[in-house]
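K.L.:
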Amino acid sequence: MKLKGLSYILIGVLLSIIILLTAVDLVTFNVNHYLKSFEKHQIPNVTGRTVEELRFIIEDLLEYLKDQRKLLDTTEIIEGEERQIFGERAVLHMIDVKALFVGGALLRNFSIPLLLIILIYNIWKDSKWKKNLAKTLYYTATVNILLLFTLLLLMNIDFNKYFTYFHYIFFDNDLWILDPKTEILIQMLPEKFFFETATKIITVYMLSIITFGIFGFLYNRKNKGLGI
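In my numbering, the protein residues as written are 1136 to 1363.
(1) From this set, A1225, T1209 and V1226, which residue's C-alpha is nearest R1218's C-alpha?
(2) Taking the DSSP output, what are the residues bridged to I1255?
(3) Taking the alpha-carbon positions, what's the I1178 to Y1199 distance?
(4) How should N1355 be labelled, buried or exposed, when 16 other C-beta atoms within 10 angstroms of its C-beta is the threshold for buried?
(5) Exposed or buried, which one is N1267 when buried takes at least 16 other CB atoms within 10 Å?
(6) Give me, in chain order, the residues of the same chain whose beta-carbon lies closer than 8 Å to that of T1334; leave out the 5 immediate sequence neighbours on both sides.
(7) Please look up how many angstroms separate the CB atoms of I1153 and S1262, rounded, as I've assumed it's under 8 Å.
(8) Would you verify that the beta carbon of I1337 is, or is not, closer than 8 Å to some beta carbon of chain D?
(9) How long is the line joining the alpha carbons of K1327 and I1252, rounded to whole angstroms?
(10) Does the count of Cβ pairs from the region 1156–1166 and the region 1291–1303 closer than 8 Å reach three?
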């Protein structure tokens, strides 16, 4: 494969990574997303805590995942005694989860300048860069849409199954298996919350990638089609 063709494929891959990780951040670190979930699933009744108490807990957790605090050591006062809110297994699992978010941020921060470098190189070397870039946007969107629809279909068939696969792939331990009777983390964030979160992330990602795809399609339609 010619270097030029490979460079445009790389542009499509990097763009997908950047948009996906941005969508994850936009949804995951939106406190209102959690507050709406607490209300929808009656989490105050499940946990025995007020919405404001839950907001305080989730804000601490999100600060930790954004690497704005070193320890997940949120406490509360129970019968005059200060106690840790999260259990030991939950805290250890969040160390692994935080590593994923920090790694994702590093990957996105690396992908953005690399994408710009490749794009600038193609503008310099390829006299037909506009047409080829538009093709790349269109085909990148098409592939992503097919993959995302497949993922949504699988999620709706058996979300628990594929959510479990996700944990097997990204974690090398079973710390993610928590007792909902005793662990507030799983009480606050039940499986249905993760289904809704994944769906929202996919929706944000899909809308963004479709926008790029439409631009590529319209440009090439105006300039004699998508033929290679």
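Glycine is no exception: its CB is placed at the ideal position from the N, C-alpha and C atoms.
Predicted model, so just to flag it, every value in this text is computed and none were measured.
P.N.:
The structure says:
(1) T1209
(2) I1255 pairs with nothing; no bridge assigned.
(3) 21 Å
(4) buried
(5) buried
(6) L1287 and M1290
(7) Between S1262 and I1153 the Cβ distance is about 26 Å, and since that is not below 8 Å, they are no contact.
(8) The chain inventory of the structure shown lacks chain D, comprising one protein chain alone.
(9) 41 Å
(10) no
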